[in-house]
Amino acid sequence: MKTTFIVASHQARTLTPLPAPFYEVCVVGDNHILQPGYQYYVDGIPGLNIPNSAYSEIPALFSVPKYFPESEIVGFMHYRRLFTAIPDHPSFKTNRSAQGNLASNFENRANMANQLQNRLRIASDEVIIPKALHLSNWTLYSHFSDMHPTLLTAFIFACQTFDEKYGIASGQQSTLEFMQSCNRGFFWNSFISPRKFYDDWCALLYSVFQEMQPLVPSIPIVEGQERWAGYVAERLFTRYVYLMIDQNYWQFTERSMVFLS
4 MKTTFIVASH QARTLTPLPA PFYEVCVVGD NHILQPGYQY YVDGIPGLNI PNSAYSEIPA
64 LFSVPKYFPE SEIVGFMHYR RLFTAIPDHP SFKTNRSAQG NLASNFENRA NMANQLQNRL
124 RIASDEVIIP KALHLSNWTL YSHFSDMHPT LLTAFIFACQ TFDEKYGIAS GQQSTLEFMQ
184 SCNRGFFWNS FISPRKFYDD WCALLYSVFQ EMQPLVPSIP IVEGQERWAG YVAERLFTRY
244 VYLMIDQNYW QFTERSMVFL S
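When we follow my numbering, the leftmost residue of the sequence shown carries the number 4, and every step to the right adds one.
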């Protein structure tokens, strides 16, 4: 099966190219000068008027049908957060001195890509997700409200819209109630999956953002919270995963990620 790993990047000038065709870098933004080796670029999402800066890596996520229509297995991750090839490898975070050896070194990045290509095999009903992050004394809701208080109205609206689009039945736990009780999440908008999972999730997420269009002008953006749509998306992704687990539709495997400063 044709497999493509998309790595979303906001900083094309500082990211060493990864070996294609297994690893493909998709640059997000409107002010990047592409280096040789980068051919995929997105600026916003067609049909949505939310500013590109708000989406974080989400525009690259939606670029798959355009750039990789034949891919049957889709992996998506962030340029600073890469899945490891070894299932029991502990997650770790590099410091800036190590970044030169790991994050900016083409040979090491190529080795990481080759490890993934050679060792990562998923079943037809399997989805790879990041190991859950436990929020200690927070819930997904309180963590969001503490980290991004000015975005809370948009977050609540997104939760309500998710219920409508997904079809949460009367009497079933609402997405907002889920966020208020759940203290673990699958963050960073990263996963590796069969194409159907990708298509279903992106269609649902797109429909939520469509409904949010009238709300966008009234969302107060303060410094450090520009990427609000990305923050919302990763929490909705956690909700979606748990709904899929309840339905026993997909088999989910949590895998460590390497964090690059």
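We put the CB at the ideal spot given by N, CA and C, even for glycine.
{"query": "In the DSSP output, which residue or residues are listed as bridge partners for CYS29?", "result": "ALA11, TYR43"}
{"query": "Going by DSSP, which residues form a beta bridge with HIS146?", "result": "Partner(s): none; HIS146 has no beta bridge."}
{"query": "If you run the structure through DSSP and keep just helix, strand and coil, what is PRO133?", "result": "strand"}
{"query": "Measuring CB atoms only, is the region 134-151 touching the region 182-194, in the sense that at least three cross pairs come out at less than 8 Å?", "result": "yes"}
{"query": "Within the chosen definition, does the region 66-82 reach the region 224-241 through at least 3 CB pairs nearer than 8 Å?", "result": "no"}
{"query": "For GLY233, collect the residues of the same chain with a Cβ closer than 8 Å to its Cβ; drop the 5 residues on either side in sequence, then sort them by chain order.", "result": "ALA57, TYR58, SER59, GLU60, ILE61, ASN192"}
{"query": "Are PRO223 and THR153 closer than 7 Å when you measure CB to CB?", "result": "yes"}
{"query": "What are the boundary residues of the alpha helix (DSSP H) that includes MET215?", "result": "MET215 -> no alpha helix (DSSP H), and no H or E assigned at all."}
{"query": "What does a CB cutoff of less than 6 Å around ILE48 pick up in its chain, not counting 5 residues either side in sequence?", "result": "PRO62, PHE65"}
{"query": "Express the C-alpha separation of LEU51 and GLN176 in angstroms, rounding to a whole number.", "result": "29 Å"}
{"query": "Per DSSP, what kind of secondary structure is GLU257 in: helix, strand or coil?", "result": "strand"}
{"query": "With the cut-off set at 7 Å, would you say TRP231 and ASP128 are in Cβ contact?", "result": "no"}
{"query": "Whole angstroms is fine: what's the gap from SER12's alpha carbon to LEU85's?", "result": "12 Å"}
{"query": "In chain order, what residues of the same chain have a beta carbon less than 6 Å from the beta carbon of PHE212, not counting five sequence neighbours either side?", "result": "LEU51"}
{"query": "What residue range is occupied by the uninterrupted beta strand (DSSP E) comprising MET80?", "result": "76-81"}
{"query": "Quick one: residues in its chain with C-beta nearer than 7 Å to the C-beta of VAL244, no 5 flanking neighbours on either side, listed in chain order?", "result": "ILE132, PHE189, PHE255"}
{"query": "Under a Cβ-count criterion, where at least 16 other Cβ atoms within 10 Å of its own Cβ denotes burial, should SER221 be classed as buried or exposed?", "result": "exposed"}
{"query": "Which class does SER139 belong to by DSSP, given the choice of helix, strand or coil?", "result": "coil"}
{"query": "Near HIS151, which residues of its chain fall below 8 Å by C-beta distance, leaving aside the five closest residues on each side in sequence?", "result": "PHE158, GLN228, TRP231, TYR234"}
{"query": "Taking 8 Å as the limit between beta carbons, can you name the residues of its chain near CYS296, skipping five residues before and five after?", "result": "Residue 296 falls outside the range modelled here, since the chain spans only 4 to 264, and no answer is possible."}
{"query": "Please list, in chain order, all residues of the same chain as LYS5 whose beta carbon is under 6 Å from its beta carbon, the five residues on each side excluded.", "result": "GLU73, SER74, GLU75"}
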